[in-house]
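Have a look at the structure below before the remarks.
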Amino acid sequence: MRHLHAQFVTPLAVALAACILTGCGGVPNTSLRENQCGGCNFFYATSVSGSILEENFSAGQQAWTAPVLTLGPANSRGIAAVWQIGQAADLYVSDPENNAIRVYRISHADGSLSPSGLGPYALSGTGEPQQILVANGDLFVASTAGEVFGFKVQADGSLTPLPGSPFASGAGTTHLCASGGTTLTFYLYASNSSDPNGSISAFAVHTDGTVTPVPGSPFATVADGQPEGLFSTGGRVYAALSHAGEVAAFSIASDGSLQPIAGSPYPAEAGASSLTQVGQYLYSENTGNMSGYSIDSSSGALTALTASPFAAANATGEMNWIGNWVLVPESSPGGFLAFLWSSKGNLSPAPGSPFPAGATPLVAFNLQVEGVI
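If you're matching positions, the sequence shown starts at 461 in the numbering used here and goes up one per residue.
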């Protein structure tokens, strides 16, 4: 059995077609093992210019080299992967210019990209696709038109619309996250950045492919807070509030509804837009710096780290982490700010940072495939 996990603002950005959010796996196929990578770690990023950046950190190595560049859509804000044992492994990338999703085949051996022969999959309406999220064999796309598109990922990597897709969310939907619910349902959350109430829409996604609003949805954060980056962990949802310069925190009730955590929202800095978690720490990417918090394991409350905020000039796009690095796209000269994180959560510049990328990155995606067991 092969297990995998990934981080992309949400930890559910990769899944097998038949797995339930966590503990994903597949039936071993011995004939394919020699052609598949065990213990692989592939890193991808979209860019302003249209190149998809690829780094291979497999075999336990963590050394930055010149990324391999593959032609892709410019200014893409959505990237996610599906890795299926004995079937297709594909990278899905949003194409804002053509309001579509493009698909690239991932080599099981080394993570390299090639044309898949699938799609592109056009999205209806006049909005632009934003973040892509994969959970439980379904693929979801946030759209600035105030909708979330849903697809079933087939064994060959192709996409078929879920019944009723697209699903109404709120004005300016940009980011998504998901959290496990029951054996029959998981919950999907969407940030509505242009909504005056700074709301988060919530949906129940059922195993039969139907998607229904959660009771009480949408849930307000802060008036004109402009929620953007979302992160779900431990039965909680965190939202970066760009205009308010804060991070909102919610606990998830049994029906998927959101309840504010005591002390929420928590101070961040102006332009809070992207969230990621490393261990027991949560980080917010802001304009020119990063805020760091410890997460209370019992309540989910956030406590600012004493050394926070951490300088991050020219930070832009969606950050991610790999190994002991937190990688943050930077707009000038175009590469990644790399931070080392300590056992106390503090961030310090990694040797050689910023790392050159050959293009100005926008969204970082980390795909990890654990070994055969």
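The beta-carbon is built from N, C-alpha and C at its ideal position, and this holds for glycine as well.
| Query | Result |
| --- | --- |
| With 16 other Cβ atoms within 10 Å as the buried cut-off, status of S491 | Note on S491: pLDDT 25, under 50, position unreliable in the model; the coordinate value appears next. Its Cβ having fewer than 16 others within 10 Å, S491 is exposed. |
| Bridge partner(s) assigned by DSSP for W785 | I782, L800 |
| 8 angstroms Cβ shell around L644 - same chain, five flanking residues per side excluded | H666, T667 |
| Straight-line gap, A700 to F502 (C-alpha atoms, nearest Å) | 26 angstroms |
| Q590 burial status per 10 Å Cβ neighbour count (16 or more: buried) | buried |
| Continuous beta strand (DSSP E) stretch holding I721: start and end | That residue, I721, is in no beta strand (DSSP E); it is neither H nor E in DSSP. |
| Beta-carbon proximity list for N495, same chain, < 7 angstroms, skipping 5 on both sides | Low local confidence applies: a pLDDT of 46 at N495 is under 50, so the model's placement there is unreliable, with the coordinate-based value given in what follows. Within the same chain, N495 has close Cβ partners H568, A569. |
| Where N826 sits in the DSSP three-state scheme | strand |
| Three-way DSSP call (helix, strand, coil) for A817 in this model | coil |
| Contact between the segment 608-625 and the segment 675-682 (3+ Cβ pairs under 8 angstroms) | no |
| Secondary structure of F517, DSSP reduced to three states | coil |
| C-alpha distance - G434 paired with C637, whole-angstrom precision | This structure leaves residue 434 out entirely; the chain is present only between 461 and 833. |
| Exposed unless 16 or more other CB atoms sit within 10 angstroms - verdict on A728 | buried |
| Three-state secondary structure (DSSP) of E688 | strand |
| L578 versus F627 - alpha carbon distance | 24 angstroms |
| With 16 other Cβ atoms within 10 Å as the buried cut-off, status of A549 | buried |
| Residue range of the unbroken beta strand (DSSP E) whose run includes A549 | 549-555 |
| DSSP three-state assignment for H568, whether helix, strand or coil | coil |
| Where the beta strand (DSSP E) through W543 begins and ends | 539-543 |
| G434 versus F646, N652, S653, residue with shortest Cα-Cα distance | The requested residue 434 is not part of the displayed model; the chain covers only 461 to 833. |
| Cβ neighbour criterion (16 or more within 10 Å) applied to D555 | buried |
| Contact under 8 angstroms by Cβ, I539 with V823 | yes |
| Nearest to G777 (by Cα), restricted to the options G783, L762, M750 | M750 |
| Cβ-based burial, P623 [other Cβ within 10 Å; buried from 16] | exposed |
| Same chain only: Cβ atoms within 6 angstroms of S574, ignoring 5 sequence neighbours per side | R565 |
| Beta-carbon proximity list for A526, same chain, < 8 angstroms, skipping 5 on both sides | P816, G818 |
| Cα-Cα separation, A709 to W543 | 31 angstroms |
| Cutoff 6 angstroms; reference T482; Cβ partners in own chain excluding five residues on either side | Unreliable positioning characterises T482 in this predicted model, as indicated by a pLDDT of 30, which lies under 50. The coordinate reading is nonetheless provided below. Excluding positions up to five away in sequence, the list is empty. |
| Three CB pairs or more closer than 8 angstroms across the segment 762-769 and the segment 789-797 | no |
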